[in-house]
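Reading through the structure tokens given below for one structure.
Residue numbers (this note's numbering): 543 to 1757.
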């Protein structure tokens, strides 16, 4: 197994994630001082679970986390991961690679992971311990720690050899066995204690059964005497109670009137608060509506901007169509003008043709007359001549048409050249416009993104502002409630203080008497109730157990108590109980076993000073506190003493049961606890209110900051909107220009296509005219030949005939030329009419499209106007909401003033209520005093096993049952909350018996004495004896089993200790031998050895080092030089590594103190050990670097962050 990879992030100077790819052999880490090389060793030690700040060179965990620099902030956590190659299953895990990760945070917490699964530090420690891998002792030698090995005490140096001997797991087993042994012994002690507790109880149960019969006889006689005695006393107590209740009724009526007044003010205050909450909610709703309208206005403005943009596009398209229509109209106008000119030319030609034809007809007529005189041959010659003339005229017409077509083609070529130049210019302008449009669109996109970001930030600020305002209102309401609670607690504290003072009246009444006595009372320590601290929840059972002793006085000496009693007797004050500490008979408290439902002995449940423990044990040591009445009855049958439940029901060993408050004051301990807890609660409320005030101040500051930020965001948003509008205007302008250019381009393309079609038509026409010319020339030649023949044949005709013929020929030529030109004009007119029809159709389509664009433009304009109208309406609504908020806030301020006024009046009413409560409490105290007298009498009656019947007579009490007696009250108050609920449920008394009190008392005392001599009895003694016998047998067998387990554990510990001793002995001799070898090798002579401080004791003996360098005397380690100490420590380190090789070892500048020669020996030994262990060496030494298999260079820049550069020597060429 070897360390394959080390990853560091946020640890000390390695702020960024840095990975070290490691391999078997030797890896060196080099670099200047202070760049973080040693932090690599610290990271390895830290990830393996090190928590010592000294070894990590840090005072606390936070110091190992990157603390930041001038260019980089501090890291929040540090994380280090090592990846171990486990292909040989060195670690007991079924993985070829094991990744161990530790992640630490600035809070001081650390998380541990194995292969990304969260584990505990103990899991990692146990895993590495089982695989002999850890971060302790010689596996990781930090900077300057190599000499520490020499400076260790012999006892501490022994730990190095124990680690090499791999005995730590045996020590853990011994520790585990010792823990189990301690547990076993504790169980034995508890079992023996229980056996010792049960044994006396067995004999006691036998004696109790014999006393039971005698106890029943005496109890019957005592019951008869007590029935007559208690009936007499009961009637006297009832008469005094009636008078006290009348006074209490008057006080309760006064309190009821005060409570009704408070209720009235509370209702009015609740109504005001409800109205205030409603108004605040309405303002919050209006604020929400205001925000909603603002957002709607923003959305409408965006829609209007989009409509503007669409309208700009429509306008551009309309302008383009208008330009196309204008171009078409111009072309149609040109064609119309050409048609008009052609029509005029055609009319003129027709007139000339008609004139020519008339002239020809006239000449022909003349020629016909002449021809009447000529022969047929002459007519034929004339006909041929005419035919030739017409052919020549037709040829002339064709040539004229060819010249016209050539002129048209030349004109078309010139127009095509001009249109091509214009097209290229338009393409350049359109490219530039497109680039500008793209730039403007990118700018608009950036502005839109900025606006979206600003709107999101605005929404976030508004949301946070609303939350802060809601939190502020909640805190204000919380402070108000805390103030009310503080007032209530202060009022309650005042009431309790007055009640406490009233309840202390007897003590205060007695104290002046004692102070003014003839012999002043010395050593007065206080009353019992003030010296005892009762846990919460146990007030009622402790009060019931103490009964009349609650207000008993405690003095130091008996003589002081006797003197005080005599003075009190002479002055005839109330009855006082005094306990002298020096003569008090000590009563040892019960020692009971824990069981379900039994809380413990009363004296052990309360707290007091050590000097008062004696009186507490005397009064409460024989009283057991239990959960409920069923458990109390079961425990009472054991005869161990009195039993009291948590409800204050006291069961005496004689069989009597008592309940209720035992004193006239009642609830003394509860009142004392409340007097203690209320000031603390007030203090907590004051502190929490101060914290709430601080939080409110913080919220106000944050609200102000948010409002300021909101204003800044609004300004930014307005700027971005202006910039976006400018960009949109530029985009619309570019679009219009681009649309205009596109329209002109389309017109040019259409014109070029039309010119091309016209040129093709002219080419076809030229071809046709050439063919026609050739045919006409052939016809003319043929006619000419006929004419020449005829002329030669008609030479006899005269000059007149020649003149007429010439005249006919001229007319015929002219008529043919005019006819040909007229036909050419007709053809051209037809072509122009077709072009006009086509242009008219295109214009109709463009005009229809233009009308659609006009409608769309009108619709967009209407939408924009409607949008602006809606924006104006919403803005008006926003203004209305803003105007409505101020009156609502004034109304809220008025309601708050009313709330404060009602609170003041309510406080006044509460003051009157407190006064009424004080008077009621005083009256209740008097009633309770009378009730306590009756309760005391009732308790005495019940303690003596008697009860009151429905007729008010004293009768024997029924046997105790799990359920409470019919007359037992379930609480201190009745259903209507009156403090005299118990008295209202007292049965009527028929009247006391007529007796002689003195003889009756003497008889009762005599019977009591006889009962006391008999002692308590237990009717269930035999059953309890059998149960205890069975439990005693079970515990005895358990003790035997535990003793056998103890012997087995002791034997296992001895065996493990022997294994540790043997392994240490073997390892010690091996390490000592190798230490001597390395010492001699490194020093080139001399001697050194390891010795035990106690040679015969391999279990605890320390390990000392004796060294003698060559040429020197045997001397102590402190006398060695720095280099000699380093070589000696390295010798011991290498001896340990060779004896028990560690999978990997980290050496931090171990060779720093070595000279050149010793470095060579060190490197040779290091290379030898590298066959079995992986070494990571931090060094500055060149020779150590040369022997490494791979090198990592560490550097640090201006940002105080360590960076690494790796070099594997196997990758370097051998030359």
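For every residue, glycine included, the Cβ atom is placed at its ideal position computed from N, Cα and C.
Everything numeric in this text was worked out from a predicted model, so none of it was measured.
Beta-carbon separation of residue i and residue j under 8 Å?
{"i": "residue 1763", "j": "residue 1665", "result": "Missing from the structure shown is residue 1763; the chain here goes from 543 to 1757 and no further."}
{"i": "residue 989", "j": "residue 1269", "result": "yes"}
{"i": "residue 1687", "j": "residue 1641", "result": "no"}
{"i": "residue 764", "j": "residue 1550", "result": "yes"}
{"i": "residue 704", "j": "residue 1617", "result": "no"}
{"i": "residue 1038", "j": "residue 1556", "result": "no"}
{"i": "residue 726", "j": "residue 1626", "result": "no"}
{"i": "residue 1174", "j": "residue 1193", "result": "yes"}
{"i": "residue 1437", "j": "residue 818", "result": "yes"}
{"i": "residue 702", "j": "residue 691", "result": "yes"}
{"i": "residue 1140", "j": "residue 1158", "result": "no"}
{"i": "residue 644", "j": "residue 589", "result": "yes"}
{"i": "residue 1720", "j": "residue 1691", "result": "yes"}
{"i": "residue 1166", "j": "residue 1148", "result": "no"}
{"i": "residue 790", "j": "residue 1435", "result": "no"}
{"i": "residue 874", "j": "residue 1364", "result": "no"}
{"i": "residue 1252", "j": "residue 1003", "result": "yes"}
{"i": "residue 1702", "j": "residue 1725", "result": "yes"}
{"i": "residue 1325", "j": "residue 929", "result": "yes"}
{"i": "residue 1120", "j": "residue 1105", "result": "no"}
{"i": "residue 1630", "j": "residue 1645", "result": "no"}
Spatial neighbours of residue i within its chain, please: C-beta separation below 6 Å, excluding the five flanking residues on both sides.
{"i": "residue 869", "result": "1289"}
{"i": "residue 559", "result": "551"}
{"i": "residue 1496", "result": "769, 772, 773 and 1488"}
Leaving aside the five residues before and after residue i along the sequence, list all residues of the same chain whose C-beta is less than 8 Å from its C-beta, in chain order.
{"i": "residue 979", "result": "1273, 1276, 1277 and 1280"}
{"i": "residue 811", "result": "1441, 1444, 1445 and 1448"}
{"i": "residue 1010", "result": "1241, 1244, 1245 and 1248"}
{"i": "residue 1739", "result": "1745"}
{"i": "residue 1410", "result": "846"}
{"i": "residue 553", "result": "581, 584, 585, 588, 606, 607, 608, 620, 621 and 622"}
Could you name the residues that DSSP lists as bridge partners for residue i?
{"i": "residue 1498", "result": "1488"}
{"i": "residue 619", "result": "647"}
{"i": "residue 602", "result": "DSSP, once it has assigned bridges, lists no residue as partnering residue 602."}
{"i": "residue 568", "result": "1717"}
{"i": "residue 551", "result": "621"}
{"i": "residue 843", "result": "Per DSSP, none; premise fails for residue 843."}
{"i": "residue 1750", "result": "1732"}
{"i": "residue 1629", "result": "1650"}
{"i": "residue 1584", "result": "Answer is none; residue 1584 lacks a bridge partner."}
Between which residues of its own chain and residue i is the CB-CB distance below 7 Å, once the five residues before and five after are set aside?
{"i": "residue 1742", "result": "555 and 611"}
{"i": "residue 1301", "result": "951 and 954"}
Is there at least one Cβ from chain B nearer than 8 Å to residue i's Cβ?
{"i": "residue 1382", "result": "The chain inventory of the structure shown lacks chain B, comprising one protein chain alone."}
Just checking residue i against the ligand NAP - is the residue's beta carbon closer than 7 Å to any of the ligand's heavy atoms?
{"i": "residue 1232", "result": "For the structure depicted, the ligand NAP is absent and the ligand set is empty, with no information on it obtainable."}
The segment 962-975 / the segment 1347-1355 touching (three or more Cβ pairs under 8 Å): no
At a cut of 8 Å, does the segment 628-635 reach the segment 609-620 through at least three beta carbon pairs? no
If we require 4 or more residues per run, which alpha helix (DSSP H) segments fall completely within the segment 632-677? 663-672
Enumerated in chain order, which unbroken segments of the alpha helix (DSSP H) with a length of 4 residues or greater are wholly contained in the segment 680-742? 690-693 and 696-707
I'd like to know if the segment 822-835 and the segment 1418-1433 are in contact, where contact means that at least 3 CB-CB pairs between them fall below 8 Å. yes
With a cut-off of 8 Å, do at least 3 Cβ pairs link the segment 1367-1384 to the segment 846-857? no
Inside the segment 877-903 only - alpha helix (DSSP H) runs reaching at least 4 residues: none
Can you check the segment 1067-1115 for any beta strand (DSSP E) of at least 3 residues that lies completely inside it and give the ranges in chain order? 1095-1097
Inter-stretch contact (C-beta, 8 Å, three-pair minimum) for the segment 1706-1719 and the segment 549-568: yes
Determine, using beta-carbon pairs with one atom in the segment 728-745 and one in the segment 1592-1602, whether at least three such pairs fall under 8 Å. no
If contact is defined by three or more beta carbon pairs under 8 Å, each pair taking one atom from either stretch, is the segment 860-878 in contact with the segment 1380-1388? yes
Pair every Cβ in the segment 1228-1238 with every Cβ in the segment 934-952, then say whether three or more of these pairs are closer than 8 Å. no
Cβ contact (3+ pairs, closer than 8 Å) linking the segment 791-800 and the segment 1454-1463: yes
Could you tell me which uninterrupted alpha helix (DSSP H) segments, each at least 4 residues in length, are contained entirely in the segment 1647-1713, listed from first to last along the chain? 1664-1681 and 1698-1711
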